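Novice: Right, I'll just put the structure down here and ask away after.
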Ligand code: SF4
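Protein chains in written order, with our numbering: chain A, 74 to 470; chain B, 343 to 536.
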């Protein structure tokens, strides 16, 4: 009934130009009913995993409407790409989904390689698989830790984020020198060969992880409070998930076993044996959690096989320092930890892309939020938000 | 009290009957407490926030310096700007800063919040958070390692210490006279009832 503006409207200083001036995008929920109130969540909220803002319409404690407001981290990545040469763009792709930078490097390079039609040496492909899967594990460990925090369990965070993920980051640091933003996978191969003994250390890490996963399950997966807060919350039927265009673990939790690594194997994924875990409980929060938890096991399997089969040889194909892909357009995608990460490039024959679009899985997965939280209690919103596991860098780009 | 306590300058220790007496000024004592319990706000912006989270986790464990994240600005002393501040986010950052009780400190973490970083030519990124709020410590890097954040916290502690040093000329703790100490001793004896 009252004014439709949301509570967090920034104060306007009249007449005075500030940095914040510019286009103002406001999320508005029109028409508040007699028993309804509006609750603002974010952009600074510990459980929105970054700077997402969600405006909730409540009837008592039940959510009747939820509108996510994105753009608080919009850095103009796609436009900036047009001003950067192709190698410079790999640097930007790191910062797109910063929890799995390796896979982002990879997706961009796949597209450019398709344009250039270069051949990748097979050792490089194996190193790519190893680092890509390790990054997937690291990303799921962040999910495991932060999801626990969201639902009130702090200790799992210290195990997964503080101990095991750091071991993966140490391995990455050894091979490329960076902890978060790697810029490691390059067009034509990888930046450097693995240092001496690195493959053995990766194997040792895989061996160490197996008993630790049992620990993970004891801490969180089988915790009765955790199960209570998850079972049956935020059910997403398979047809709905497909209709919304969801991909990755969020889709597989609802039933369909769609995984690009199996269905359209890119790189050398054909050579590995692994299963695609799917949800069995109708796509609720617990399924989304379990799919990721099981994917850690599967990724460890792939890493172990890759470590055993890795051939020797060069790690860089025949690509010049400066390359100008022939004019044309190309789309390449791969299975990132959050879903199908696609890179669409239009080249006009210069050393910069004419247009670069990213199919960001987080952004598309976020669409499910409004439907999922309708009818739930406010506390369950946190569970649903956490279980969708989006990264705001990728949502907003 | 352990003897580790009086290595801090500004604390005077006197032996009296039945124990020890510490004399200090309120300013020093408050600053000492303030610098040993810097509570940052749980506020992550972008990639740098992941490194900030790693700092609070078990390997780097900032708890040992008294740095413990708080979820609300009302309880926080420190705002770590960990990532890209875009123009849409800038008013919210400013508001968060205003919501924190004084004295408050700001650490600008990473190239983005220092000057725009890799997005120096972006149309939507604010080129430096210091255009909207005052910054105490800048950390270079993209992203800075947790060790760099550690150094930033230490720098901030030094800065808080320097507040005390600046005021020391006026607020020097005056040692008690012999007479005063005698009186305190007598009071201590009578209080024990012996
Ligand atoms: S400084 Fe680098 S790592 Fe930090 S937020 Fe900016 S782009 Fe990300």
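Just so you know, even glycine gets a beta-carbon here, dropped at the ideal spot from N, CA and C. Fair warning: this is a prediction, and the values are worked out from it, not measured in the lab.
If you run the structure through DSSP and keep just helix, strand and coil, what is residue 142/A?
Specialist: strand
Novice: Spatial neighbours of residue 143/A within its chain, please: C-beta separation below 6 Å, excluding the five flanking residues on both sides.
Specialist: 468, 469
Novice: Which residues, taken in chain order from the region 433-464 of chain B, show a beta carbon closer than 8 Å to some beta carbon of chain A?
Specialist: Answer in chain order: 433, 434, 436, 437, 438, 460, 461, 463, 464.
Novice: Can you look up residue 349/A in the DSSP assignment and give me helix, strand or coil?
Specialist: coil
Novice: Using a 10 Å radius around the Cβ and a threshold of 16 neighbouring Cβ atoms, would you call residue 361/B buried or exposed?
Specialist: exposed
Novice: Does residue 408/A pass the burial test, meaning 16 or more other C-beta atoms within 10 Å, or should it be called exposed?
Specialist: Residue environment analysis places residue 408/A among the buried positions, since at least 16 neighbouring C-beta atoms fall within 10 angstroms of its C-beta.
Novice: Can you check DSSP and say which residues form a bridge with residue 529/B?
Specialist: Paired residues: none, contrary to the question.
Novice: For the ligand SF4, which residues have a Cβ under 6 Å from at least one heavy atom, in chain order?
Specialist: 168/A, 254/A, 388/B, 389/B, 390/B, 425/B, 426/B, 452/B, 453/B, 454/B, 459/B, 460/B, 484/B, 485/B
Novice: Where does residue 379/B sit, in a helix, a strand or coil, going by DSSP?
Specialist: Correct three-state label for residue 379/B: coil.
Novice: Taking residue 328/A and residue 457/A to be in contact with their CB atoms under 8 Å, please state how far apart those CB atoms are, rounded to whole angstroms.
Specialist: At roughly 18 Å, the Cβ-Cβ gap does not stay under 8 Å, so residue 328/A and residue 457/A are not in contact.
Novice: Given that a residue counts as buried once 16 or more other Cβ atoms are within 10 Å of its Cβ, and exposed if not, what is residue 373/B?
Specialist: buried
Novice: Following the continuous beta strand (DSSP E) through residue 432/A, name the residue where it begins and the one where it ends.
Specialist: 426-432
Novice: Can the beta-carbon of residue 350/A be found less than 8 Å from the beta-carbon of residue 381/A?
Specialist: Result no, Cβ atoms of residue 350/A and residue 381/A do not sit closer than 8 Å.
Novice: Return the chain-ordered list of same chain residues with a C-beta closer than 8 Å to the C-beta of residue 294/A, the five sequence neighbours on each side being excluded.
Specialist: 362, 363, 366
Novice: To test your reading of the DSSP string, which unbroken alpha helix (DSSP H) runs of 4 or more residues are found completely within the region 207-292 of chain A?
Specialist: Restricted to the region 207-292 of chain A, the alpha helix (DSSP H) segments that are unbroken, complete and at least 4 residues in length are 228-232, 238-249, 271-289, listed in chain order.
Novice: Work out the CA separation of residue 401/A and residue 418/A for me, nearest whole Å.
Specialist: 8 Å
Novice: Return no unless some Cβ of chain E is closer than 8 Å to the Cβ of residue 191/A.
Specialist: Of the chains in the structure shown, none is chain E; the protein chains are A and B.
Novice: What in chain B is Cβ-close to residue 168/A, meaning under 7 Å?
Specialist: Here the neighbours are 389, 460.
Novice: Does the Cβ-Cβ distance between residue 210/A and residue 241/A come in under 8 Å?
Specialist: yes
Novice: Is it buried or exposed for residue 468/B, if we count other Cβ within 10 angstroms and need 16 for buried?
Specialist: buried
Novice: For the region 482-493 of chain B, which residues have a beta carbon sitting closer than 8 Å to at least one beta carbon of chain A?
Specialist: 484, 485, 487
Novice: Just checking: is the beta-carbon of residue 409/B within a distance shorter than 8 Å of some beta-carbon in chain A?
Specialist: no
Novice: Go ahead and pull the three-state DSSP assignment for residue 512/B.
Specialist: Note that residue 512/B scores a pLDDT of 47, beneath 50, so its modelled location is shaky and nothing firm can be said.
Novice: Can we say the region 394-407 of chain B touches the region 427-439 of chain B, given the rule of at least three CB pairs closer than 8 Å?
Specialist: no
Novice: DSSP three-state label for residue 448/B, please.
Specialist: strand
Novice: Between residue 392/B and chain A, is any beta-carbon pair separated by less than 8 Å?
Specialist: yes
Novice: Any beta-carbon of chain A closer than 8 Å to the one on residue 495/B?
Specialist: no
Novice: Would residue 216/A be called buried (16 or more neighbouring beta carbons within 10 Å of its own) or exposed?
Specialist: buried
Novice: Taking contact to mean at least 3 C-beta pairs separated by less than 8 Å, is the region 273-289 of chain A in contact with the region 228-241 of chain A?
Specialist: Judged by pairs of C-beta atoms under 8 Å, the region 273-289 of chain A touches the region 228-241 of chain A, as three or more such pairs exist.
Novice: Starting from residue 114/A, trace the beta strand (DSSP E) in both directions and tell me its first and last residue.
Specialist: 109-114
Novice: Could you give the C-beta distance for residue 187/A and residue 464/A, rounded to a whole number, given that I count them as a contact under 8 Å?
Specialist: No, residue 187/A and residue 464/A are not in contact; Cβ-Cβ is about 25 Å, not under 8 Å.
Novice: Is DSSP giving residue 469/A helix, strand or coil here?
Specialist: In the structure shown, residue 469/A sits in a helix (DSSP, three-state: H, G or I).
Novice: Skipping 5 residues on each side, what residues in its chain have a beta carbon closer than 8 Å to that of residue 451/A?
Specialist: The answer, listed in chain order, is 112, 129, 131, 134, 136.
Novice: Quick one, which residues of the region 342-366 of chain A are near chain B if we go by CB-CB under 7 Å, in chain order?
Specialist: When CB distances to chain B are screened at a threshold of 7 Å, not a single residue of the region 342-366 of chain A falls below it.
Novice: Counting only beta-carbon separations shorter than 8 Å, does residue 254/A have a partner in chain B?
Specialist: yes
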